[in-house]
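Just so we're aligned: the sequence shown equals residues 32 to 161 in my numbering. We put the beta carbon where it would ideally sit given N, CA and C, even for glycine. These notes concern the structure reproduced below.
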Amino acid sequence: MSREISTFTLHRVGPEDGVHPDLLGEVRPLINGQDVLEEVFPEGTTLWWQWCGDGIPLAASEAGTRVMMAAAECSTSCCGSVWVTIRREGPHVLWEGWENTGDGGKLPPEFRFDAARYDTELARATAAWG
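Structure, rendered in structure tokens:
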């Protein structure tokens with residue numbers, strides 16, 4: 032695990048194409064300004080991040096939570112998905128234990144975020160889109 036502190040931002044995308052007007056689009060995590068999911072699982076979407084009043088499912092706890100970050104639109108059993116464990120460790124939030132069941136199987140590195148800034152970004156996104 033790197034000791035480097037990464038930046039974390041949530042970015043809302045689409046739907047611009049009008050193909051699925053009933054969908055709300057995606058919320059994509061940007062880490063250090065990069066869409067790491069696009070780099071490791073370009074065919075995946077984050078459509079199930081449409082939270083239902085419970086907030087964005089990226090909150091960090093000491094116990095850790097395994098979160099599906101992206102999945103193929105057809106079926107996760109067919110084309111895969113990307114998962115990460117999000118865990119709070121003192122003043123940090125860790126994204127670790129990545130799993131990619133897609134064809135490429137590429138994995139992002141583990142990330143460490145400042146917990147206060149991470150929580151502020153989740154609150155901002157929840158207020159804006161929740």
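Residue i, enclosing beta strand (DSSP E) - first and last residue
| i | result |
| --- | --- |
| E120 | S112 to E120 |
One or two residues paired with residue i in a DSSP bridge
| i | result |
| --- | --- |
| R97 | T116 |
| R43 | V58 |
| W126 | I117 and F142 |
| A102 | T76 and S112 |
Beta-carbon spacing of residue i, residue j below 9 Å
| i | j | result |
| --- | --- | --- |
| V71 | E57 | no |
| M100 | P60 | yes |
| R34 | R119 | no |
| G75 | S37 | no |
| A90 | I117 | yes |
| R97 | G128 | yes |
| T40 | E152 | yes |
| P139 | V67 | yes |
| A103 | G133 | yes |
| Y149 | V115 | no |
Bounding residues of the alpha helix (DSSP H) (the contiguous stretch that carries residue i)
| i | result |
| --- | --- |
| E74 | It is not in any alpha helix (DSSP H) - E74 carries neither H nor E in the DSSP assignment. |
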